[in-house]
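Peer 1: Pasting a structure below so you can have a look.
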Amino acid sequence: MTALRPTRPARPTEERTATATGHVRGPYRGRARMIGRTAETERITAALAAARSGRGGALFVTGEPGIGKTRLATAALDAAASADMVAVRGRASTVGPPVPYRPLVEALLLLARAGRLPDPGELGVYGPVMARLLSDTPEPGGRAAPHIAVAETVLRLLGAVGRQRGCLLVLDDLHDADAGTLAVAEYLLDNIGQQPAVLLLVAGRTPRAATELALRAHQREAAEILDLNPLTHPDVRLLVAAELDVAPAEVCPDLLHRAVTGSAGIPFVVKELVHDHAARPAHRGGRTPSVPSTVADDVRRRTEALGPLGARFLGTAALFGRRFPLPVLERAIGVDHTALSEVLRAALASCLITPDGPGTQWYAFRHPLVGEALLDDLGPGERARHARRAARALAHLHPGLPGNWRAHAARLHEHAGQAHEAVRLYCEAAQRAMDEAAPDRPLDRAPELLTRAHALLEPGTAPELHATVLELLLDTAARSARLDRLPDPPALDHGLPAARRAGIHARLGAVATLTGRPAEALRHLDTARTLLPGHPADGPTALVDLAAAHAELGRLAPDRLHTAARLARRALDAALADDRPEVACGALLLLGQLARSEDEPAATAHFERARAIALAHRLPVPRAAAEVQLAVTAAGHDEHPTRLEQARQDAHRRGLLPSAHEAGFALAIERIRRCAFDEARDGIIEGAAEASTLGLGRSLALLRLADAVRYAHQGRRAEMSGALERLEPLLDAAPGLRAMAYGSARAFCSLLEERHDAAEAEFAQALAHDTENPSTADFGRHGIAVLLGVLAGRMGRGHCPGIAEAGAAGTRWNRQFAGLAHAVLLGGEGHREQATAVAAEALAAGGPYPLARRLGMRLVARRAYEDGWGAPVEWLREAEEYFHGAGLHPVAAAGRALLRGMGASVRQRRTGTEQVPPDLRRSGITVREFEVARLVAERISNKDIAGRLHISLRTVEKHVANVLHKTGHPNRRAFATASLDLVRTRGGRPAGQGGPTSSSRKSAGPPEPARWSTRSTPAEPVR
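So that you can map any letter, position 764 of the sequence shown is 757 in my numbering, and since no number is skipped, the others follow by simple counting.
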């Protein structure tokens, strides 16, 4: 049965919905799909199914304008028609003279045109009432039909038309219905339950009789309310993709961002933004696209309904942006509180504005396009008048413009045409935002303010003011990485002092370094130096030297680290002498980064000094950067990288994206080393997408390198090679990363493939790159490369006099390898007990790194066995089990071969081996022996075990003897007593606990061997 509903023009507050026949139509194929309304659709579907079984029900669909009420009703009509139900809709309207029972009459006429109306005789005494409704003939005596008679007529009619397959009656826009229609609806709500019909009532949230009817019906359980909420961000993405008929991943990022931020999740606004984008796909010049005409018309229509005072109130509010302060508006408009309160209530009811935060001081437009549309409707003169009055009111209520009021005042002066005052206030507000950067006040607000200030600059603007705007804009853009806010390269006024021009060139050089353009950075710095002859020890020189030190790290030269350190020290001295604490902090942070790989205590001292200066001068940006560097240093010693993750999140919330990305790279490497591969992957993807969008070449290079290291530590050479290929074009932005690409990625992957010669060659290549272009990155020079050199005989005490010291003072990652190298040397010198103790300390240091720890065991096992120290057989068995579980078969096979060479038993790798608990596997228990052991633990006799497993009694006795021998128990009773866990397991795991999924194994590597043992000694818990 086709759904019966009239053709009507589309209204801006709802979707273009339907024709008389068929599905919802629109310019794109995806319009028929309901998005974000799963729960509501399921509830409607259930109600329709109940009606087909003879149990009626009622549903109210409510929500703000544009939320999709009519769209959901249309979907309900389609669903009913697909189920061969009679589906009909009527709509209330305020257009034209009032028509009693308008939506009910419309529905009856649709049934009549479709030939679905029952014969009047079927309705008995109510047949004439139906006839009079259709003919608009009044009752005898000129009286209108009583509401209750009309209601009973409609109720019986629904029962008649839905007798076979059920019926759906939709009454749309019930908030515009007459009192008679609402009275009929209330009667239907109370009596629909015994009819094979569903009553679907659609109403807005405006406080009217229809809203009260819905609440009363819900209270007495006569109807269920489906209140539609805004779409979530993922749903907005799906809706945009559906409107464009593309996959969600193919949606234009700029369009998606505007749809998410500009729509507040309202489907009508999302769709109109998509249509507007399709009509005008390219927006040039960085200007925000205009408001779609349909959305502007809708805002205009609802604003006009508020009257002249309402339009003035909202127009003035729009001057403040998305949110506005009510007390300032009240003073600026100058009307009495009662009149303004009425306007405020009406604007809230029309869903144009909404309260913003607790109390009644602040309000916000329901979505940003409301304010934009209102602002566009203001003429230049009207806008200037409103802005001047609002600026005076703001200055009167908040003398001195404390806090964020300065930014609001700047915006008002801009609208008033007072450009010079607006620029001054924007600069002061931006400086305050930089001085107060906090998680709840991110730094990215400052570039926005300064961008507006820069747009107001004119050719006649004073050079000093122009320079101030540019300096602040460059500083905030470099700290927040909002490089999209930067204007085209400026032509500096030669009337400025040379020192000031030099400072601007230094800032431009710093930005070029940040974006991975070292040649451009060096050109700006050369210009800056020519403007500062003689290098006086003052503030401008400190700024130039600090920028030059950072740029030096992008230069290809063997002395670049020394040169960068020399420039940073000179910048520090000049900054301290000229009382520039922020520059001093930057120099200390760079000195700490340069020292970290060789002298960690000195690096920590630099970072702590920078933090102390930042705290003393209340500088939140360098303080957060110092916290990041201290957290990066601590991550190499901490059991868990929690502090590093917190520092990264804090920097990101403050809008300090370069620091956040540096912490993100260190966190990704730490997670990779800890085998948390999925967490590392998610962080890399998120950070790389942001870095790519912002044009941060160095950050993107770091994260792509981390991706290659992630694949290398899983032995996935093909994927690693692909990641390194993607990294290659970015290496010019960060030349020091080549060494890490060879050492941490290629060489490590070769070790997991048992290609030790290749690994040696790749570490040699990494060292060669580091010699040509020294790097602060850790590529294995102080750890695994030392161990390989000692094992190969290339390094001894004469070559590595500091092995012992490095093993004690380095990061945990390097200490495990350097400590094992020290143990190998001690063992070769005959100090067996000392070698064993040093190896134990090294393996304990490697506790957080399950893969690297087992790799170290595998690498030193042969030398330990030959020189008689350590526990090489146990190490190899643990390593073999781990690598087998990780799917790293070359290393696992090498471990088995070494075990055979040592005369140790080697377990077979049969199907089902993973069911055997790790401790039993290390004891040499086979799969069949484990099957027998489980039954022995249940105290089942040998004869019954033979019957269950379909093997001979003699075979069972042999397996039982092997189990007792391998686990060290004297008899069956002792084994059973110590093995209660086996009784509660299925397949070697506790009952009800599944095995690790493939995703979890990829994320965390193979599980640590359980400390469960069948010996009578207490089990050691997993730590």
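Virtual Cβ for every residue (Gly too), placed ideally from N, Cα, C.
A quick note: this is a predicted structure, and the numbers were derived from the prediction, not measured.
Going by alpha carbons, who is nearest to Leu193 out of Val154, Val239 and Leu65?
Peer 2: Taking the first residue of the sequence shown as 1, we reach residue 193 at position 200. Comparing Cα-Cα distances from Leu193 to each of Val154, Val239 and Leu65, the minimum goes to Leu65.
Peer 1: Along the chain, where does the alpha helix (DSSP H) containing Glu834 start, and where does it finish?
Peer 2: If you number the sequence shown from 1, residue 834 lands on position 841. Per DSSP, Glu834 belongs to the alpha helix (DSSP H) from Arg825 to Ala838.
Peer 1: Give the range of the beta strand (DSSP E) segment to which Cys160 is assigned.
Peer 2: Walking along the sequence shown from the start, residue 160 turns up at place 167. Counting along the chain, the beta strand (DSSP E) containing Cys160 begins and ends at Cys160 to Asp165.
Peer 1: Taking DSSP as the reference, what is the three-state secondary structure of Ala864?
Peer 2: Looking up residue 864 in the sequence shown gives position 871. Here Ala864 sits in coil by DSSP.
Peer 1: Determine whether the beta carbon atoms of Pro97 and Val177 lie at a separation below 9 Å.
Peer 2: Reading the sequence shown from its first residue, position 104 is the one you call residue 97. Reading the sequence shown from its first residue, position 184 is the one you call residue 177. Reading off the sequence shown, one finds Leu at residue 97, where the question assumed Pro. Closer than 9 Å, so yes.
Peer 1: Applying the criterion that 16 or more other CB atoms from any shown protein chain within 10 Å of the CB defines a buried residue, is Gly50 buried or exposed?
Peer 2: Taking the sequence shown and counting its residues from 1, one reaches residue 50 at position 57. The residue in question, Gly50, is buried, as its Cβ has 16 or more Cβ neighbours within 10 Å.
Peer 1: Residues in its own chain within less than 8 Å of Arg664 by CB, not counting five upstream and five downstream?
Peer 2: The residue labelled residue 664 in the question sits at position 671 within the sequence shown. Correct list, in chain order: Pro634, Phe670, Glu672, Ala673 and Gly676.
Peer 1: Closest to Ala39 by CA distance: which of Gly863, Ala190 and Ala144 is it?
Peer 2: On the sequence shown, residue 39 is found 46 positions in, with the first residue counted as 1. When the alpha-carbon of Ala39 is set against those of Gly863, Ala190 and Ala144, the nearest one is in Ala190.
Peer 1: Ignoring anything shorter than 4 residues, give me the alpha helix (DSSP H) runs that lie fully in the segment 289 to 323, in order along the chain.
Peer 2: 300 to 311
Peer 1: Which residues mark the beginning and the end of the alpha helix (DSSP H) in which Tyr180 is found?
Peer 2: Within the sequence shown, the letter at position 187 stands for residue 180. Its alpha helix (DSSP H) spans residues Ala172 to Asn184.
Peer 1: Buried or exposed: Gly823, going by 16 or more other Cβ atoms within 10 Å of its Cβ?
Peer 2: Your numbering for residue 823 matches position 830 in the sequence shown. Flag for Gly823 reads exposed.
Peer 1: Check whether the segment 297 to 315 and the segment 363 to 370 touch, using three or more Cβ-Cβ pairs below 8 Å as the test.
Peer 2: yes
Peer 1: Cβ atoms of Leu696 and Ala738: under 9 Å apart, would you say?
Peer 2: Counting from 1 along the sequence shown, the entry for residue 738 is found at position 745. Counting from 1 along the sequence shown, the entry for residue 696 is found at position 703. Taking 9 Å as the Cβ cut-off, Ala738 and Leu696 do not qualify as a contacting pair.
Peer 1: Tell me whether Pro440 is buried or exposed, calling it buried when 16 or more other Cβ atoms sit within 10 Å of its Cβ.
Peer 2: Here residue 440 refers to the residue found at position 447 when the sequence shown is read from its first residue. Buried is the call here.
Peer 1: Taking the alpha-carbon of Glu464 as reference, which of Gly502, Pro452 and Gly629 has the nearest alpha-carbon?
Peer 2: The sequence position of residue 464 within the sequence shown is 471, counting from 1. Considering only alpha carbons, the answer is Gly502.
Peer 1: With a threshold of 8 Å, are at least 3 pairs of Cβ atoms found where one atom belongs to the segment 906 to 917 and the other to the segment 726 to 746?
Peer 2: The segment 906 to 917 makes no contact with the segment 726 to 746, as fewer than three CB pairs between them are under 8 Å.
Peer 1: Going by the DSSP bridge assignment, what does Val54 pair with across the sheet?
Peer 2: To locate residue 54, count along the sequence shown from 1; it is residue 61. Paired residue(s): Val195 and Leu219.
Peer 1: Just to confirm the assignment, what range does the beta strand (DSSP E) spanning Val81 have?
Peer 2: One-based indexing of the sequence shown puts residue 81 at position 88. Element bounds for Val81: Val79 to Arg84.
Peer 1: With DSSP as the reference, identify every bridge partner of Phe358, one or two as the case may be.
Peer 2: Here residue 358 is taken as the residue at index 365 of the sequence shown, counted from 1. According to DSSP, Phe358 bridges with Ile346.
Peer 1: Classify Asn222 as buried or exposed, calling it buried when 16 or more other Cβ atoms lie within 10 Å of its own Cβ.
Peer 2: To locate residue 222, count along the sequence shown from 1; it is residue 229. Burial call: exposed.
Peer 1: Of all the options Gly393, Glu718, Arg230 and Leu581, which has the alpha carbon lying nearest to the alpha carbon of Ala607?
Peer 2: Residue numbering aside, residue 607 sits at position 614 when the sequence shown is read from its first letter. Minimum Cα distance to Ala607 is reached at Leu581.
Peer 1: For the alpha helix (DSSP H) containing Met123, list its first residue and its last residue.
Peer 2: Here residue 123 corresponds to residue number 130 of the sequence shown, with the count starting at 1. Counting along the chain, the alpha helix (DSSP H) containing Met123 begins and ends at Gly120 to Ser128.
Peer 1: Identify whether Thr978 lies in helix, strand or coil by the three-state DSSP scheme.
Peer 2: Indexing the sequence shown from 1 puts residue 978 at position 985. Model confidence at Thr978 stands at a pLDDT of 48, short of 50, so the residue's coordinates are unreliable; what they give is reported in the following sentence. Note: Thr978 maps to strand in three-state DSSP.
Peer 1: May I ask you to list the residues that DSSP assigns as paired with Ala190?
Peer 2: The sequence position of residue 190 within the sequence shown is 197, counting from 1. Ala190 is bridged to Cys160.
Peer 1: Tell me the DSSP secondary structure of Ser615 in three-state form.
Peer 2: The residue you call residue 615 lines up with position 622 of the sequence shown. Just to set this straight, residue 615 is Pro in the shown sequence, not Ser. It is helical.
Peer 1: Determine, using beta carbons only, whether Ala879 and Pro865 come nearer to each other than 9 Å.
Peer 2: For the purposes of this step, residue 879 is taken as the residue at position 886 of the sequence shown. For the purposes of this step, residue 865 is taken as the residue at position 872 of the sequence shown. Not a contact, by the Cβ cut-off of 9 Å.
Peer 1: Which residue's Cα is closest to the Cα of Ser685: Arg709, Val702, Val462 and Leu723?
Peer 2: Along the sequence shown, one-based indexing puts residue 685 at 692. Of Arg709, Val702, Val462 and Leu723, the residue nearest in Cα terms is Leu723.
Peer 1: Whose C-alpha, out of Ala495, Asp538 and Thr534, is nearest the C-alpha of Thr520?
Peer 2: Mapped onto the sequence shown, residue 520 falls at position 527. Comparing Cα-Cα distances from Thr520 to each of Ala495, Asp538 and Thr534, the minimum goes to Ala495.
Peer 1: Rounded to a whole number of angstroms, what is the C-alpha to C-alpha distance between Gly410 and Arg404?
Peer 2: As a working mapping, residue 410 is identified with position 417 in the sequence shown. As a working mapping, residue 404 is identified with position 411 in the sequence shown. Between Gly410 and Arg404, the C-alpha separation is close to 10 Å.
Peer 1: Check each candidate in Phe741, Ala732 and Asp112 and name the one with the smallest Cα separation from Ala770.
Peer 2: Counted from its first residue, the sequence shown places residue 770 at position 777. When the alpha-carbon of Ala770 is set against those of Phe741, Ala732 and Asp112, the nearest one is in Ala732.
Peer 1: Under a three-way DSSP split, which group does Gly278 fall into?
Peer 2: For the purposes of this step, residue 278 is taken as residue 285 along the sequence shown, with counting starting at 1. Its pLDDT being 43, under 50, Gly278 is placed unreliably by the model, and nothing is read from it.
Peer 1: The alpha helix (DSSP H) that contains Gly657, what's its start and end?
Peer 2: Indexing the sequence shown from 1 puts residue 657 at position 664. Segment Leu650 to Arg666, the alpha helix (DSSP H) holding Gly657.
Peer 1: By Cβ distance, which residues of its chain are closer than 6 Å to Glu421, with the 5 residues on each side in sequence left out?
Peer 2: In the sequence shown, residue 421 corresponds to position 428, counting from 1. Closer than 6 Å at Cβ, skipping near neighbours: Arg399.
Peer 1: Pull up the CB-CB distance for Phe1100 and Ala705, whole angstroms please, since I reckon it's below 8 Å.
Peer 2: Beyond the ends of the chain as shown, which are -6 and 1016, falls residue 1100; an answer cannot be given.
Peer 1: Can you grab the Cα-Cα spacing for the pair Gly803 / Ala778, in whole Å?
Peer 2: Within the sequence shown, the letter at position 810 stands for residue 803. Within the sequence shown, the letter at position 785 stands for residue 778. So the alpha carbons of these two residues sit roughly 14 Å apart.
Peer 1: In chain order, which alpha helix (DSSP H) runs of at least 4 residues are fully inside the segment 445 to 514?
Peer 2: Here the runs fully enclosed are 456 to 473 and 491 to 507.
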